[in-house]
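Accompanying notes for the structure given below.
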Amino acid sequence: MSAPTGKRRKSRELAMQMLFQADVGKQTPEQVRKSFWEARDAVEPDVRGFAEDLYRVATVKEEEISDLITKHAQNWRLERMPAVDRSVLRMAIAEMLGFSATPPPIVINEALEIARRFSAPESINFLNGVLDAVARSRREPWQPTERQRT
C-alpha cells in the first residue's frame, strides 16, 4: 500500500476509515469520531477538517446515500457488500452530495485510488460503475466554473 498523495486524498482516506469503523463497530457516529481521532497522531487541521466534513455529511445523509447505493448497485444488496467497499461508496457519494465544487470525475477517481489501496482488485470496476451511475443520476449535473474551465 502506497501512501496517499495530497491533503485531500488523506482527508478522504481518513473519512473512509471513520465510516468503516462506524460500519463494523457498535458505536454512535460521534463516538466513532472521537475514538478515531484519539487513536491518531496529530493530523494537519485542514486535513482533519475536510475528513470530518465528509464524515459528517455521510452520517447525516446516511439514508439517502444508502438508497443511492442500493439503487445503482445492480444485483447487490448493501449488507452483502464488503464493508470497505460500502465505506468507499459512502465517502465518495457524501462528497458528491455535500461538496458541489468538486467535479464528480475527480471524486470518482479519488475513490478508486483509495479503493486500490484498501479494497480487493475485483471491487474497482464495481465501485466505478456504481459511482458513475450515481453521478449521472444527480438532478443538477456538475458544470465547471469559469475558473475550472481555464
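Okay, so the sequence shown: first residue is 3 according to our numbering, each after it adds one. Idealized CB from N, CA, C, for every residue including glycine.
- Inclusion of Ala122 and Ala94 in the CB contact set at 8 Å is not warranted, their separation being larger than that value.
- Per the Cβ contact rule, the stretch 130-138 is not in contact with the stretch 48-61 (fewer than 3 Cβ pairs under 8 Å).
- In this structure Leu80 is exposed. Its beta-carbon is surrounded by fewer than 16 other beta-carbon atoms within 10 angstroms.
- Contact check between the stretch 35-54 and the stretch 102-119: fewer than three CB pairs, one atom from each, fall below 8 Å, which does not count as touching.
- The C-beta distance from Met18 to Val34 rounds to 12 Å, too long to meet the 8 Å contact threshold.
- When the beta-carbon positions are compared, Met83 and Ala137 stay at least 8 Å from each other.
- CA-CA distance, Asp48 to His74, rounds to 32 Å.
- If you ignore the 5 residues before and after Val26, its C-beta comes within less than 6 Å of the C-beta of Ala85, all in its own chain and listed in chain order.
- By the 16-neighbour rule on beta-carbons within 10 angstroms, Ala96 is buried.
- Runs of the beta strand (DSSP E) lying entirely within the stretch 60-148, each at least 3 residues long, are absent.
- If you check the CB distance, Val45 and Gly100 do not come in under 8 Å.
- With a beta-carbon spacing of about 20 Å, Pro31 and Thr72 fall beyond the 8 Å limit used to define contacts.
- Scanning Gly51, Val90, Ile116 for the CA closest to the CA of Ile67 turns up Val90.
- Spatial neighbours of Lys9 in its own chain (CB-CB distance under 8 Å, excluding positions within 5 residues in sequence) are listed in chain order as Glu46, Asp48, Val49, Phe52.
- Separation of Gln29 and Thr104 (C-alpha to C-alpha, rounded to the nearest whole angstrom) is 30 Å.
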